[in-house]
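Down below is the structure, laid out as structure tokens.
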Amino acid sequence: MLTHPSPGRARAASSTEVLEFWFDERVRPLWFTPTPAFDREVRERFEATWLAAQDHRLEAWEASAEGALALVVVLDQFPLNMFRGQPQAFATEAMARAVANRAIAEGLDNRVGENRRGFLYLPFMHSESLADQDRCVSLYEGAGLTDGLHWAHHHRDIVRRFGRFPHRNAILGRESTDEEREWLASTAGYRG
Numbered sequence: 791m792l793t794h795p796s797p798g799r800a801r802a803a804s805s806t807e808v809l810e811f812w813f814d815e816r817v818r819p820l821w822f823t824p825t826p827a828f829d830r831e832v833r834e835r836f837e838a839t840w841l842a843a844q845d846h847r848l849e850a851w852e853a854s855a856e857g858a859l860a861l862v863v864v865l866d867q868f869p870l871n872m873f874r875g876q877p878q879a880f881a882t883e884a885m886a887r888a889v890a891n892r893a894i895a896e897g898l899d900n901r902v903g904e905n906r907r908g909f910l911y912l913p914f915m916h917s918e919s920l921a922d923q924d925r926c927v928s929l930y931e932g933a934g935l936t937d938g939l940h941w942a943h944h945h946r947d948i949v950r951r952f953g954r955f956p957h958r959n960a961i962l963g964r965e966s967t968d969e970e971r972e973w974l975a976s977t978a979g980y981r982g
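Here my numbering runs 790 ahead of the position in the sequence shown, where the first position is 1.
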């Protein structure tokens, strides 16, 4: 079990609070833009929620489409903000994929709005498994989610080429190959 800094707030947020925050018009432009102030806000507001999810205390959320979506956001998106540049950023990716798998198997992805559905598929895009990457592309294509499809292909191409995300190497203490170092130094290199 990882050790964590003290959460900024004592109680876990509700699934409704998570979704209201994440899909707020103010927050949408910040989703994929590294912003220290936003990262801090996510950590202060939702670290206790992430810890509760990591400890399997929010599994009841999976009973509904919106709850499953909120749990995936907590496990997949929030740590990328809260722990940017640290190994903890990826600590609950597998849990997020497990929740997404169950939600998709139950057809819950078809019960959330198209503008939210992609977040149920993102855990597969964040995986370093080529099978998960192929599944992500298939899910985006099958749902007609053209906005994220470019990025699904992009992530899959990286994993297909390197077998992993080279931009994670330094964070995870992995040695980069010469080819990875060259790619990271290029304009094509993904920094994520």
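Don't be surprised by glycine CBs; every beta carbon is placed ideally from N, CA and C. This one's a predicted model, so the numbers in the text were calculated from it and none came from an experiment.
Taking all protein chains shown into account, A860 has 16 or more neighbouring C-beta atoms within 10 Å of its C-beta and is therefore buried. Comparing C-alpha distances from R951 to each of V863, L912, Q923 and N900 shows the shortest one belongs to Q923.
Cα atoms of W973 and E837: separation of roughly 34 Å, rounded to the nearest angstrom. Contact check for A842 against A802 passes: the beta carbons are separated by less than 8 Å. With respect to the 8 Å criterion, T823 and V864 are not classified as neighbours on the basis of their beta carbons. Considering only G932, S976, N871 and E965, the residue with the shortest C-alpha distance to V832 is N871.
With the rule of 3 Cβ pairs closer than 8 Å, the segment 889-903 counts as touching the segment 842-856. Listed in chain order, the non-local C-beta contacts of F811 below 6 Å within the same chain number zero, local neighbours out to five positions each way being set aside. Nearest C-alpha to D947 among N959, G934, G963 and S919: S919.
Of the other Cβ atoms in all chains shown, 16 or more fall within 10 Å of the Cβ of L929; this residue is therefore buried. Taking the CA atoms as reference points, D968 sits about 38 Å from A933. In this structure, F813 sits away from L820, with a CB-CB distance that is not shorter than 8 Å. L912 is the residue among L912, F880 and G875 whose C-alpha sits nearest the C-alpha of A890.
Annotation for E972: the continuous alpha helix (DSSP H) segment containing it runs D968 to A975.
Linking A978 to F955 through their CA atoms gives a straight-line distance of about 13 Å. Annotated as distal: S917 and W851, with beta-carbon spacing of 8 Å or more. D845 sits exposed, since fewer than 16 C-beta atoms from the chains shown fall within 10 Å of its C-beta.
Distances from the alpha-carbon of R907 to those of A879, L962, T936 and R847 put T936 closest. Ranked by how close their Cα comes to the Cα of I894, the residues A879, N905, L910 and F880 have L910 in first place. Distance from the CA atom of H957 to the CA atom of E815, rounded to whole angstroms, is 29 Å.
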